[in-house]
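Residue 0 is where the sequence shown starts when you use numbering that gives the first Met the number 0, and the numbers rise one by one after that.
Glycine residues also receive a C-beta, built at the ideal position from the N, C-alpha and C atoms.
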Amino acid sequence: MSHYLKHLEQVKQRFDEALEANGFESVLIYAGQPRVAFLDDNAYPFRVNPFFKYWIPVTENPKSFIFYRKGEKPVVFLFQARDFWHAQPQLPPGEWKEACDVVLVDNIATVRAKLADELATAAFIGEEFAPMNEWPVAAHNPQKLIDHLHYQRAIKTECELINMRKANVVAARGHNAARDAFFAGKSELEINQAYLAAMKFRETEVPYNSIVALNEHAAVLHYDVYETEVPTEHRSFLIDAGAYYNGHCADITRTYAAKDGFYAELVEAVDAAEQAIIAEIKPGISYLDLHVSMHKKIAKILSEFGFFKVDADTIYERGYTRAFFPHGLGHFIGLQVHDVGGFLKNTKGDAFERNAEHPFLRLLRDVEVDQVFTIEPGIYVVDQLLEAHDGNEDFNWNRVSELRPFGGVRIEDSVRVTADGTENITRDAFDKLK
Numbered sequence: 000m001s002h003y004l005k006h007l008e009q010v011k012q013r014f015d016e017a018l019e020a021n022g023f024e025s026v027l028i029y030a031g032q033p034r035v036a037f038l039d040d041n042a043y044p045f046r047v048n049p050f051f052k053y054w055i056p057v058t059e060n061p062k063s064f065i066f067y068r069k070g071e072k073p074v075v076f077l078f079q080a081r082d083f084w085h086a087q088p089q090l091p092p093g094e095w096k097e098a099c100d101v102v103l104v105d106n107i108a109t110v111r112a113k114l115a116d117e118l119a120t121a122a123f124i125g126e127e128f129a130p131m132n133e134w135p136v137a138a139h140n141p142q143k144l145i146d147h148l149h150y151q152r153a154i155k156t157e158c159e160l161i162n163m164r165k166a167n168v169v170a171a172r173g174h175n176a177a178r179d180a181f182f183a184g185k186s187e188l189e190i191n192q193a194y195l196a197a198m199k200f201r202e203t204e205v206p207y208n209s210i211v212a213l214n215e216h217a218a219v220l221h222y223d224v225y226e227t228e229v230p231t232e233h234r235s236f237l238i239d240a241g242a243y244y245n246g247h248c249a250d251i252t253r254t255y256a257a258k259d260g261f262y263a264e265l266v267e268a269v270d271a272a273e274q275a276i277i278a279e280i281k282p283g284i285s286y287l288d289l290h291v292s293m294h295k296k297i298a299k300i301l302s303e304f305g306f307f308k309v310d311a312d313t314i315y316e317r318g319y320t321r322a323f324f325p326h327g328l329g330h331f332i333g334l335q336v337h338d339v340g341g342f343l344k345n346t347k348g349d350a351f352e353r354n355a356e357h358p359f360l361r362l363l364r365d366v367e368v369d370q371v372f373t374i375e376p377g378i379y380v381v382d383q384l385l386e387a388h389d390g391n392e393d394f395n396w397n398r399v400s401e402l403r404p405f406g407g408v409r410i411e412d413s414v415r416v417t418a419d420g421t422e423n424i425t426r427d428a429f430d431k432l433k
């Protein structure tokens with residue numbers, strides 16, 4: 000049996016379990032449709048329902064449905080508009096067409112008519128556009144069912160892992176082109192264009208707005224402005240950018256120094272610390288513990304590079320690292336960049352409370368085999384966060400000022416947990432391009 004067919008069987012088993020546990024006979028999943036701009040007839044870029052592409056590798060076919068009754072063959076209602084204004088979506092080839100009953104429709108009302116009384120015991124999962132919001136289904140987006148499915152999705156199938164490996168190769172190719180454009184002295188916009196061109200992507204085809212930050216812009220965690228003019232000096236470059244493959248995500252961050260010296264050494268130190276924390280990953284440990292361990296490594300770097308007049312233990316104990324490393328160590332990744340289930344304790348929907356000291360951490364579950372998550376430590380000069388420490392003599396403010404023109408550093412890889420360690424999906428992808 001192929002990896003895809005094994006994946007489909009696993010998805011069916013997961014849905015069977017979730018439907019049974021929550022009292023539903025079947026599920027109707029809506030792919031979604033583009034939303035139209037206010038007072039206009041232009042649509043925003045389409046993003047498929049992740050539960051739809053969980054079943055089949057179809058990401059660009061809005062207004063389609065998947066209907067699945069426990070233990071039976073899934074039915075795909077594939078929407079093909081009678082429309083001479085637009086090109087029809089190009090469907091990917093593959094076994095999914097034989098593994099599902101495919102029904103072509105050109106009107107959503109046809110779906111309701113074909114399902115008829117089936118809807119009364121079905122859970123609907125998807126955005127509630129008209130007329131589906133009035134269909135007589137058993138429930139619209141029942142949270143208990145969704146929580147159950149989200150908890151299961153944290154464990155990736157081999158088919159998902161293959162897609163994520165390929166997504167990382169695609170993104171790594173773009174990252175290499177962006178790096179070359181930085182060293183060639185290009186603007187942020189030109190670097191972003193180089194990134195897209197290397198992958199042969201349109202800007203609407205990447206999973207999130209790429210962060211392409213030169214110099215002090217690297218201190219803005221979700222910077223996405225793309226200055227069109229070349230700065231007077233290239234000092235630093237941080238790129239956080241991803242790609243899709245069959246609906247699965249890559250999310251990679253790299254940071255570069257234009258010249259040797261203090262900042263280049265800081266980039267190397269963060270890179271080494273990122274690899275060191277990955278070496279600590281093993282099944283059974285808490286992701287929160289990894290996050291805390293990373294803060295202690297950041298404290299050591301801040302001490303060694305002279306950002307403080309106190310030692311690393313004091314830096315950590317007094318909470319100073321949170322001013323330089325404010326975000327979480329990482330997050331689940333898969334069908335979504337910030338994939339789901341990071342706070343769930345079990346399939347019943349019981350959840351961890353956000354950690355008060357680390358409120359932006361997106362993942363609190365214990366580490367398990369075949370989870371895939373990012374590891375992305377960083378050090379930045381964020382003046383808004385440093386205001387709370389203004390005048391604190393534990394800080395070496397001259398050293399902080401020295402980093403400010405460079406913005407900051409972040410390194411990010413996607414890591415799969417194995418029985419005896421990890422597979423670094425991202426670094427393997429870069430190695431394939433050497």
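So who's on the other strand from residue i, going by DSSP bridges?
{"i": "residue 247", "result": "244"}
{"i": "residue 422", "result": "415"}
{"i": "residue 78", "result": "104"}
{"i": "residue 27", "result": "66, 123"}
{"i": "residue 285", "result": "365"}
{"i": "residue 427", "result": "DSSP output for residue 427 lists no bridge partner at all."}
{"i": "residue 235", "result": "256"}
{"i": "residue 210", "result": "239"}
{"i": "residue 441", "result": "Here the chain has residues from 0 to 433 only, and residue 441 is not among them."}
{"i": "residue 372", "result": "331, 414"}
{"i": "residue 139", "result": "123"}
So, using beta-carbon positions, are residue i and residue j closer together than 9 Å?
{"i": "residue 257", "j": "residue 304", "result": "no"}
{"i": "residue 17", "j": "residue 147", "result": "yes"}
{"i": "residue 122", "j": "residue 340", "result": "no"}
{"i": "residue 446", "j": "residue 265", "result": "The chain is shown only over 0 to 433; residue 446 falls outside these bounds and no answer can be derived."}
{"i": "residue 442", "j": "residue 366", "result": "Because the chain here runs from 0 to 433, residue 442 falls outside it and cannot be looked at."}
{"i": "residue 76", "j": "residue 110", "result": "yes"}
{"i": "residue 62", "j": "residue 89", "result": "no"}
{"i": "residue 204", "j": "residue 243", "result": "yes"}
{"i": "residue 403", "j": "residue 382", "result": "yes"}
{"i": "residue 187", "j": "residue 215", "result": "no"}
{"i": "residue 375", "j": "residue 329", "result": "yes"}
{"i": "residue 335", "j": "residue 156", "result": "no"}
{"i": "residue 446", "j": "residue 248", "result": "Here the chain comprises residues numbered 0 to 433, so residue 446 is not present and cannot be evaluated."}
{"i": "residue 131", "j": "residue 333", "result": "no"}
{"i": "residue 391", "j": "residue 150", "result": "no"}
Return the CA-CA distance between residue i and residue j, expressed in angstroms with no decimal places.
{"i": "residue 279", "j": "residue 270", "result": "15 Å"}
{"i": "residue 73", "j": "residue 64", "result": "10 Å"}
{"i": "residue 411", "j": "residue 425", "result": "8 Å"}
{"i": "residue 342", "j": "residue 184", "result": "42 Å"}
{"i": "residue 218", "j": "residue 380", "result": "6 Å"}
{"i": "residue 23", "j": "residue 116", "result": "14 Å"}
{"i": "residue 422", "j": "residue 281", "result": "11 Å"}
{"i": "residue 190", "j": "residue 240", "result": "12 Å"}
{"i": "residue 21", "j": "residue 86", "result": "40 Å"}
{"i": "residue 460", "j": "residue 384", "result": "Residue coverage of the chain in this structure runs from 0 to 433, which leaves residue 460 outside it and unanswerable."}
{"i": "residue 429", "j": "residue 320", "result": "30 Å"}
{"i": "residue 436", "j": "residue 99", "result": "An answer regarding residue 436 cannot be provided, because it is not within the stretch 0 to 433 covered by the chain."}
{"i": "residue 259", "j": "residue 301", "result": "19 Å"}
{"i": "residue 70", "j": "residue 15", "result": "7 Å"}
{"i": "residue 159", "j": "residue 125", "result": "21 Å"}
{"i": "residue 311", "j": "residue 212", "result": "29 Å"}
{"i": "residue 371", "j": "residue 135", "result": "37 Å"}
{"i": "residue 210", "j": "residue 201", "result": "16 Å"}
{"i": "residue 427", "j": "residue 41", "result": "40 Å"}
{"i": "residue 245", "j": "residue 308", "result": "50 Å"}
{"i": "residue 144", "j": "residue 104", "result": "28 Å"}
{"i": "residue 338", "j": "residue 207", "result": "13 Å"}
{"i": "residue 373", "j": "residue 129", "result": "37 Å"}
Count the other C-beta atoms from every protein chain shown that fall within 10 angstroms of the C-beta of residue i, then say buried if there are 16 or more, exposed otherwise.
{"i": "residue 29", "result": "buried"}
{"i": "residue 172", "result": "buried"}
{"i": "residue 198", "result": "buried"}
{"i": "residue 81", "result": "exposed"}
{"i": "residue 12", "result": "exposed"}
{"i": "residue 436", "result": "For residue 436 there is no data in the structure shown, the boundaries of the chain being 0 and 433."}
{"i": "residue 43", "result": "exposed"}
{"i": "residue 228", "result": "exposed"}
{"i": "residue 0", "result": "exposed"}
{"i": "residue 306", "result": "buried"}
{"i": "residue 5", "result": "exposed"}
{"i": "residue 289", "result": "buried"}
{"i": "residue 267", "result": "exposed"}
> Can at least three beta-carbon pairs, one atom from the segment 352 to 361 and one from the segment 383 to 400, be found at a separation below 8 Å?
Replying inline: The segment 352 to 361 is not in contact with the segment 383 to 400.
>> Whether or not the segment 92 to 108 and the segment 55 to 64 are in contact is what I'm after, with contact meaning three or more pairs of Cβ atoms, one per stretch, closer than 8 Å; do they touch?
In response: yes
> So, do the segment 312 to 326 and the segment 281 to 298 have three or more beta carbon pairs nearer to each other than 8 Å?
Replying inline: yes
>> For the structure I just gave you, are there three or more beta carbon pairs, one from the segment 402 to 411 and one from the segment 245 to 261, closer than 8 Å?
In response: Proximity of the segment 402 to 411 to the segment 245 to 261 meets the contact definition, three or more beta-carbon pairs being nearer than 8 Å.
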